[in-house]
Amino acid sequence: MNDIEQTYSKLVVGNHSPENSCFATDNDVLLVKPRSKVPQKVVIQHHFVSAADGKTKSKFGWVKEVAAFTFTDFVTRYIGKGTLTPAESEHILTMLESIQNLAVNTPVTCNYKSRGVIEQSMQLTVHKVFFYSA
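Quick note: the sequence shown, position 53, residue 1443 per our numbering, numbers continuous.
Below you can see the structure in the form of structure tokens.
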């Protein structure tokens, strides 16, 4: 089964908190769009964007369980008309695959990390975040 036919049951949603750079509305579905240029560094912080407008940024997102859907369902429902570039599809698939084994309400973020020893490349990662209070 290829990634487009695989079913998913979790999404990343927003939790409005401007002091934490989370500008998306509560429960807005979030997605990841590729950066136009990714400089070669160890780690580069990235952000989610609201699927509703494709612009509102959110540094963090939270995992939410929903009815099962496919990649095509996700694109149709949250992105709408138009075609995705291969990079956009790859970023969304990475996000969906990364969160499937995480518990509901787990906070997540995304960044680019340098991978490889001989041939280095920057790869998107979506991962769990731990919040600490002082």
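All C-beta atoms in this analysis are idealised placements derived from N, C-alpha and C, irrespective of residue type, glycine included.
C-alpha gap between Tyr1502 and Ala1493, whole angstroms: Here residue 1502 refers to the residue found at position 112 when the sequence shown is read from its first residue. Here residue 1493 refers to the residue found at position 103 when the sequence shown is read from its first residue. Straight-line Cα distance between these residues: approximately 23 angstroms.
Checklist entry - At what residue ranges does the stretch 1441-1476 contain a whole run of the alpha helix (DSSP H), taking only runs of 4 or more? => result 1461-1464
query: Quick one: is Ala1414 buried, meaning 16 or more other Cβ sit within 10 Å of its Cβ, or exposed?
result: Here residue 1414 corresponds to residue number 24 of the sequence shown, with the count starting at 1. That one is buried.
Helix, strand or coil for Ser1411, going by three-state DSSP, please let me know. Taking the sequence shown and counting its residues from 1, the one referred to as residue 1411 is at position 21. Coil.
### Task
Compare the C-alpha of Lys1423 against each of Gln1513, Glu1395, Val1519 and name the closest.
Here residue 1423 refers to the residue found at position 33 when the sequence shown is read from its first residue. Ranking the options by Cα distance to Lys1423, first place goes to Gln1513.
Which of helix, strand or coil DSSP assigns to Ile1489: Mapped onto the sequence shown, residue 1489 falls at position 99. Reduced to three states, the DSSP call for Ile1489 is helix.
Judging by CA-CA distance, which residue of Thr1484, Gly1444, Phe1459, Pro1497 is the nearest neighbour of Glu1472? As a first step, residue 1472 must be located in the sequence shown, where it is residue number 82. The amino acid occupying residue 1472 in the given sequence is Gly; Glu does not appear at that position. Closest option to Gly1472, Cα to Cα, is Gly1444.
Going by alpha carbons, who is nearest to Lys1454 out of Glu1478, Leu1486, Thr1446, His1436?
-> Within the sequence shown, numbered from 1, the residue matching residue 1454 stands at position 64. When each option's Cα is compared against that of Lys1454, the closest is Leu1486.
query: In angstroms, rounded to a whole number, what distance separates the CA positions of Trp1452 and Pro1497?
result: Start at 1 with the first residue of the sequence shown, and residue 1452 comes out as number 62. Start at 1 with the first residue of the sequence shown, and residue 1497 comes out as number 107. Their Cα atoms are separated by approximately 4 angstroms.
Margin query: On a Cα-Cα basis, can you pick out the residue from Val1403, Gln1430, Val1428 that is closest to Asn1417?
Written below: As a working mapping, residue 1417 is identified with position 27 in the sequence shown. Here the closest residue by C-alpha is Val1403.
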